[in-house]
Every structure is written in C-alpha cells, then in structure tokens.
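Protein chains in written order, with this note's numbering: chain H, 3 to 363; chain A, 3 to 363.
Positions of the beta carbon are idealized from the N, C-alpha and C atoms, including for glycine.
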DNA sequence: TTGTAGGCGTTATCAA
DNA sequence: TTGATAACGCCTACAA
C-alpha cells in the first residue's frame with residue numbers, strides 16, 4: 003500500500019500537521035532545519051507523495067485543466083492541443099484530454115467527468131454532433147457547475163440557446179472564446195480563387211451549425227458578392243470535416259461544372275485529391291482546390307495544397323492564458339471575452355488560373 | 003456552490019446514508035419506492051451529482067484509465083488512441099490522455115499525475131527520450147505504486163534495467179505488453195525490396211533503444227542475411243520518427259548509393275517525399291520507399307506509399323481488455339503477458355523494380 | 001515550533 | 001427500512 007502522511011508522521015516522529023507544512027513548504031511558519039530534514043528523509047524513504055484526490059477534496063484545487071477536442075485524428079486538433087499543452091505546463095497546470103470523436107453525447111460525458119474530478123478549468127471545442135439538446139445541456143452544465151471554461155475554435159453562443167442555469171437566452175457575452183476569424187478565412191480563400199478567374203466555385207462545407215463552417219461560408223458569400231458573382235446554394239455541399247465527405251462531394255460539384263473547390267478543411271481536400279484520379283482530372287489544371295488549416299501534410303502532398311493557415315500554437319497559448327486568468331479571478335474587465343486570430347493564405351500548387359475554354363461557362 | 007449529498011438528504015428528509023444507497027442503487031437493500039422517488043426528486047431538483055473525488059477517496063476506484071502517448075501529432079498514435087478509447091468506453095471506463103511530446107521527463111510527470119489522481123490503470127507508450135534514468139524511474143514508479151499497467155507499442159523490459167522496487171533486474175515477465183511483431187514488420191519490408199531486386203537498401207530507423215526501432219532493424223538484418231546480402235551499418239541513419247529526420251536522412255543515404263529506403267515510419271517517409279524534389283529524383287523510378295504504420299495519408303500521397311499496416315484498432319482494444327482483466331484481479335495464469343499482432347504489407351506505388359543500370363552497383 | 005481537532009464529500013459498517 | 005458514525009487522506013485554524 004502506498005505511504006500516507008500518517009506514515010511519514012509516525013516514521014519521523016512529528017505530527018501530521020508538521021509534516022504537511024514541511025511537505026508543502028508552507029510560507030510564514032518557521033520550522034527548524036533539523037525538523038525539516040528529518041521529515042524529508044522519512045518522505046524519501048517511504049516514497050511518499052500526497053494523494054491528490056484528498057488534497058483536491060479539501061483545497062478545491064487540482065492544478066489540472068481539462069481539454070475536450072472533437073477529433074484526435076485530425077492533425078489540426080492534434081497541433082492545437084500541443085499549443086494548449088505547452089502553455090498549460092508553463093503555467094504549472096497538468097492537462098488531461100478527452101476526445102469525443104465528434105459525438106455530442108461525449109461532450110457531455112467529458113464535461114461531467116472533468117467537473118466531477120475537480121479540474122480547475124475546461125477548454126471546450128464542441129463536437130460536430132447535431133443534437134441541439136446536447137449542446138444546450140453542455141453549456142448549461144458548464145454554466146451551472148461554475149467551473150471556469152473557454153470555448154476554442156468552435157464558438158458557442160452565437161445561436162439562440164436558452165439556458166436553464168442562466169434562466170434566459172445565452173448571449174455571446176456569457177461565453178468566452180478563442181478562435182480564428184473564420185469569416186475572413188472564407189473570404190480570403192474565395193477571393194484568391196476569384197482572382198484566378200474562377201467564377202463557379204464549389205464548397206465542401208463543414209456541418210451546418212458549427213461556427214467554423216457557418217462563418218467560412220459567410221466569408222465565401224462576401225467575396226462572391228464583392229465580385230458581383232451571384233451566390234448559388236447548389237454549389238455548397240455539406241461535408242463533415244472528414245476526408246470521406248470530400249470524396250463524396252467531388253462528383254456532385256463536378257456535375258455542377260465548378261472549376262474550383264473550396265474545401266473547408268484540409269482533410270476534406272485530401273479526400274478530393276484521392277478521388278480526383280477516378281475522374282481523370284488533374285489538380286490544378288482541371289480543378290483548383292483550396293483547403294483550410296494548413297496541417298503538415300498539405301505541404302508535402304502533390305500538388306502542395308493552397309490553404310489557410312491557422313496560428314494553432316498561438317491560439318493554444320492564448321486559451322490557456324485566458325483560462326488561467328479566469329481561474330485566478332482576474333477582474334472580468336481585464337479579460338478579453340472573444341479573442342480572434344488572423345488566418346493567412348498559403349498559396350501553393352493546387353490553385354491555378356482558370357482555363358480559357360472554361361471561362362466561357 | 004455545487005449540491006452535495008447532505009443537501010439532498012436535507013431536502014428529501016432522509017439521512018445521508020439512505021440517499022447514498024438510493025443514488026448508487028445499492029443491491030441487497032430494499033428501499034420503498036416512495037422513498038426512492040422522493041430522494042431522486044431532490045437529486046433532480048438540486049442537480050446533484052456525486053463528487054468523484056470523494057467517491058474515489060473512499061472506494062479506491064475511479065473508473066478511469068490513463069493513457070500516455072508520445073506524440074499526438076503522429077496520426078498513428080491518434081488512431082491507436084481511438085481504439086483504446088472506444089474499448090475503454092465499452093467497458094465503462096473513462097479515458098484520460100497525456101501527451102508527452104517524446105520527452106521522457108513527461109512520462110514520469112504523467113505517471114505521477116495519473117497515480118496521484120487515482121486512475122485504476124495506466125496504458126503506457128513510452129517516449130523516445132533517451133535518458134535511461136528516466137526510463138528506470140518510470141517503471142520503478144509504476145511497479146512500486148502498485149497500479150495496474152500495460153505497455154503498448156513500445157515495449158519495456160527487454161533491456162537490462164535494475165528496479166529498486168523489485169530489488170532486482172527487470173525481466174520481460176514483469177511487464178505486460180501489447181505490440182506489433184516489429185521484427186516481422188522489418189523483415190517483410192526489407193524482403194519486399196529485395197524481391198524487387200534492390201540490394202543497397204538504406205534505413206531511416208527510429209531512436210535506438212526503442213523496441214519499435216531495434217526490432218524492425220533486426221528484421222531488416224534477417225532479411226538481408228537470408229538473401230545473402232552483407233549488412234552495412236553505414237546504410238542505417240538514425241531518425242527520430244518525425245518527418246524532419248526523413249528529410250535529413252535522404253542526402254546521407256543517397257550519398258551511399260542506395261536504391262531503396264526503408265523508413266521506420268510513415269511520417270519520416272513523408273519527410274523523404276518532401277525532400278526528394280530537391281534532388282530531382284522521382285519515387286519510385288529513382289528511389290523506392292517503404293514506410294511503416296499505414297496511416298491515412300499514406301494512401302493518398304503521390305505515389306501512394308508502400309507500407310506496413312498495423313492493426314491499430316485491434317491493438318487498442320486488446321490493451322484495454324487485458325488491463326481491465328488485470329484490474330479485476332483475473333488470475334495471472336489466465337492473462338497473456340505479451341500479446342503480439344501481425345503486420346501486413348501494403349504494396350502501393352512507392353516501390354518498384356530496381357533499374358537495370360543500378361543493379362550493377 | 002508543534003499538536004489537536006474539525007472538515008472536505010463520500011461509502012460502509014453496524015445498530016436501531 | 002433507516003440512521004449514526006467511522007473511515008478515506010489531507011489541510012488548516014486554533015491551541016498549547
């Protein structure tokens with residue numbers, strides 16, 4: 003069995019409280035070096051380490067942050083988590099992950115698990131699951147429990163949601179967030195294609211309801227409008243951010259004579275890459291493709307993917323900093339409720355000028 | 003503040019113990035439906051959920067498994083984790099992750115965190131960190147603490163390590179493991195290249211000391227020997243399983259006139275893909291490449307990568323099953339200490355017959 | 001400087 | 001069928 007503070011007390015000949023003070027280096031109390039040495043020796047010999055469960059139970063602090071991400075196997079999230087982890091560590095927090103595989107039920111599960119296990123704060127990137135009840139349940143749980151939390155990447159609170167915990171509709175003021183300016187990203191991607199002469203630009207969007215998708219679509223529409231190109235909803239194929247839906251979208255969009263496709267993330271763009279061979283087409287000669295995220299593979303794939311870079315590391319750092327401020331009770335006035343980052347367009351080989359004969363279409 | 007069992011007791015008019023019994027559905031005690039209803043109503047109204055910290059403190063069970071993985075951004079581990087997570091869920095366990103970024107100090111950190119927070123079991127895939135002291139410290143901590151644990155993928159215990167906890171050298175019998183038959187994988191990869199006529203086959207290995215690398219190298223040597231090709235250590239470039247080292251290895255190996263490269267994982271193979279353009283060479287015409295892991299991208303990259311497939315999902319499932327058996331005290335005789343899976347060669351477009359003029363070399 | 005005692009939120013034992 | 005009460009391992013006033 004593992005040594006407890008009692009064992010250390012017994013072995014060293016001092017009382018439990020003295021041991022506790024020494025072990026935790028309590029400031030303000032002066033304990034003779036000799037006592038300290040004796041106690042620490044006992045600690046070493048017994049291999050004593052405080053039971054965090056017990057400590058948290060009484061201190062109500064765990065020095066642990068919970069991170070909920072929707073899809074571990076999307077490199078974008080993996081890289082985002084890295085930023086979070088490094089920042090958390092730097093501030094002395096441990097990080098525990100929950101991966102929901104985009105199931106909204108698991109969002110709820112993990113929030114529960116984290117709260118019940120006393121994390122100090124939660125970083126929440128919601129799943130793409132479509133059940134609105136689950137979404138409401140999540141934020142209600144979060145709000146009601148009183149844990150500090152930040153939403154990341156996929157923002158919550160821009161849709162009309164009634165919160166029981168609040169007893170009113172949720173506003174964007176209730177929920178802090180760190181994310182990219184997705185509208186701008188969508189705009190830049192589309193604008194780039196328009197500049198290359200494309201006019202029939204298809205989209206493989208993400209699930210409707212996710213800000214990452216809705217906002218990018220908004221940016222797409224803005225760019226079209228600016229260029230005087232009418233918006234055609236038939237050119238939007240709703241994907242799910244996984245490669246398969248990129249592949250599915252391809253024949254649909256080709257059937258609508260698009261000359262370029264804006265995939266709302268790189269994974270789906272890869273799905274298009276994989277599928278495009280079956281149509282005997284080549285990127286970018288026959289079809290331009292723009293992705294989103296700029297994950298590692300986008301650079302090495304052939305042709306290298308034109309895409310929008312997200313400053314993942316910085317974003318990860320920011321959520322943690324903001325969250326920890328929140329935890330430490332920094333006055334809300336000094337906190338930025340919504341932090342937005344700028345996407346940058348990485349032009350690579352997957353986009354090219356539209357071909358002359360296609361321009362006529 | 004969050005509602006406690008006391009609040010429920012007060013509100014419902016019953017005692018704490020009765021509430022506890024009802025909430026936990028204690029078998030064996032018969033409590034009138036009317037009592038149950040009243041209590042459950044109070045539970046609902048107060049939104050009561052037991053504090054898991056307190057529960058774990060007394061039950062010594064947390065229903066949580068800790069998973070330590072070395073590199074979140076390597077899709078292979080992401081997919082492996084998925085299998086683990088699904089299996090854990092199926093058995094009613096929650097899973098918390100720790101990502102070490104291949105820093106051996108963090109292995110230690112996470113093991114501590116997990117133990118101190120009372121996980122029921124740990125699945126440990128060690129980092130590639132090279133400090134042997136850390137490695138020893140890890141297993142000593144694990145062994146000494148008495149938590150159930152399994153090593154996964156990267157096996158521990160095949161090297162000579164002295165354990166203080168055990169008071170003797172560690173043998174492979176002390177540590178359970180689930181992994182691929184890496185020797186066989188190395189053999190199959192090399193054999194495939196030999197069958198294509200290659201005789202100067204370079205390797206980009208993983209860090210020496212990791213079984214995944216050492217074993218694959220062994221397989222490589224076996225295949226060479228079988229074919230009567232002398233083993234040339236100069237053809238082995240020690241990588242770190244990250245893409246960059248694939249890129250670094252390329253000029254080194256090309257300088258040694260290899261006609262094929264066996265990269266010990268797909269990530270490094272991608273590094274080679276990225277770099278190969280700078281040498282005006284093409285895969286597979288000028289250079290055959292074999293990877294290892296068969297992650298998603300290997301199929302869509304051009305040319306598609308010949309690689310060794312690991313049954314990640316099954317492996318994830320197995321570790322969990324085995325670990326939970328361990329936790330439940332299944333007699334050790336009924337447990338398989340070391341479970342090995344078979345790799346399968348996926349032949350794709352990155353390997354081809356060696357060119358005639360090169361065969362002479 | 002050190003020890004005693006109370007409490008954190010539960011479960012479990014044993015009476016009533 | 002229910003309710004005290006003693007743990008669990010630790011921290012923290014408050015006393016000594």
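Extent of the continuous beta strand (DSSP E) to which residue i belongs
i	result
residue 206/A	203-207
residue 99/A	96-101
residue 181/H	179-182
residue 123/H	123-126
residue 311/A	309-311
residue 283/H	Here residue 283/H belongs to no beta strand (DSSP E), and DSSP marks it neither H nor E.
residue 93/H	Unbroken run through residue 93/H: none, as it is neither H nor E.
residue 347/H	346-348
Element boundaries [alpha helix (DSSP H), containing residue i]
i	result
residue 147/H	134-147
residue 339/H	First-last for residue 339/H: undefined, no H or E at that position.
residue 323/H	314-329
residue 108/A	106-118
residue 290/A	Unbroken run through residue 290/A is the beta strand (DSSP E), 290-292; no alpha helix (DSSP H).
residue 299/A	299-302
Residue from the options with nearest C-alpha to residue i
i	options	result
residue 211/A	156/A, 201/A, 195/A	156/A
residue 1/A	45/A, 192/A, 250/A	Because chain A in this structure spans residues 3 to 363, residue 1/A falls outside the shown range and cannot be described.
residue 261/A	95/A, 4/A, 356/A	356/A
residue 136/H	280/H, 105/H, 182/H	105/H
residue 301/A	310/H, 277/H, 298/H	277/H
residue 214/A	334/A, 283/A, 299/A, 180/A	180/A
residue 197/H	109/H, 231/H, 6/H, 72/H	231/H
residue 103/H	72/H, 84/H, 119/H	72/H
residue 337/H	259/H, 294/H, 350/H, 175/H	175/H
residue 94/H	239/A, 312/A, 89/A, 108/A	108/A
residue 307/A	273/A, 315/A, 10/A	273/A
residue 134/A	229/A, 119/A, 165/A	165/A
residue 26/H	54/H, 236/H, 4/H, 351/H	54/H
residue 313/A	325/A, 342/A, 305/A	342/A
residue 132/H	42/H, 241/H, 76/H, 51/H	241/H
Check your understanding: Listed in chain order, which residues of the segment 126-153 of chain H have Cβ atoms closer than 8 Å to some Cβ of chain A?
Key -> 146, 147, 148
Exercise for review: Would you check if there are 3 or more beta carbon pairs closer than 8 Å linking the segment 180-199 of chain A to the segment 246-258 of chain A?
Suggested key: no
Check your understanding: On the three-pair Cβ rule with 8 Å, is the segment 30-38 of chain H touching the segment 62-81 of chain H?
Key -> no
**Study point:** Residues within the segment 263-278 of chain A neighbouring chain H, beta-carbon criterion of under 7 Å
**Key:** 272, 275, 276
Check your understanding: Residue ranges of each alpha helix (DSSP H) run of no fewer than 4 residues wholly in the segment 6-83 of chain H, ordered along the chain?
Key -> 7-14, 18-25, 35-48, 54-61
Point to revise | Contiguous alpha helix (DSSP H) assignments of at least 4 residues, all confined to the segment 198-280 of chain A | key: 213-228, 245-256, 268-278
Check your understanding: What residues in the segment 72-90 of chain H have a beta carbon less than 7 Å from any beta carbon of chain A?
Key -> 74, 75, 77, 80, 81, 83, 84, 87
Practice item. Scan the segment 294-318 of chain A for residues whose Cβ lies nearer than 8 Å to a Cβ of chain H and list them as they occur along the chain. Key: 298, 299, 301, 302, 303, 304
Exercise for review: Could you say if the segment 96-114 of chain A and the segment 50-68 of chain A meet the contact criterion of at least three C-beta pairs nearer than 8 Å?
Suggested key: yes
Review point. Can at least three beta-carbon pairs, one atom from the segment 148-162 of chain A and one from the segment 114-128 of chain A, be found at a separation below 8 Å?
Key: yes
Exercise for review: Inspect the CB distances between the segment 342-352 of chain A and the segment 105-118 of chain A and report whether three or more fall short of 8 Å.
Suggested key: no
Review point. Would you say the segment 290-299 of chain A touches the segment 315-332 of chain A, given that touching needs at least three Cβ pairs under 8 Å?
Key: no
Exercise for review: Select from the segment 244-255 of chain A all residues with a C-beta closer than 9 Å to any C-beta belonging to chain H, and list them in chain order.
Suggested key: 245
Practice item. Say whether the segment 265-279 of chain A touches the segment 203-216 of chain A, bearing in mind that this needs 3 or more beta-carbon pairs closer than 8 Å, one atom from each stretch. Key: yes
Exercise for review: Note down, in chain order, all residues in the segment 55-67 of chain A with a beta-carbon under 9 Å from any beta-carbon belonging to chain H.
Suggested key: 55, 56, 57, 58, 59, 64, 66
Review point. Contact between the segment 322-330 of chain H and the segment 163-173 of chain H: three or more CB pairs below 8 Å?
Key: no
Practice item. Taking a Cβ distance cut-off of 9 Å, strictly less, list which residues of the segment 95-109 of chain A are near chain H, in chain order. Key: 96, 97, 98, 99, 100, 101, 103, 108
**Study point:** Members of the segment 11-30 of chain A that neighbour chain H once the beta carbon cut-off is set at 9 Å
**Key:** none
Check your understanding: With a cut-off of 8 Å, do at least 3 Cβ pairs link the segment 55-65 of chain A to the segment 251-258 of chain A?
Key -> no
Check your understanding: Can you list, in chain order, the residues of the segment 323-349 of chain H whose Cβ is nearer than 7 Å to any Cβ on chain A?
Key -> none
Practice item. Check each residue of the segment 34-53 of chain H: if its Cβ is closer than 8 Å to any Cβ of chain A, include it; give the result in chain order. Key: 49, 51, 52, 53
Check your understanding: When Cβ atoms are compared, which residues of the segment 162-173 of chain A fall closer than 8 Å to chain H?
Key -> none
Check your understanding: When Cβ atoms are compared, which residues of the segment 189-213 of chain H fall closer than 9 Å to chain A?
Key -> none
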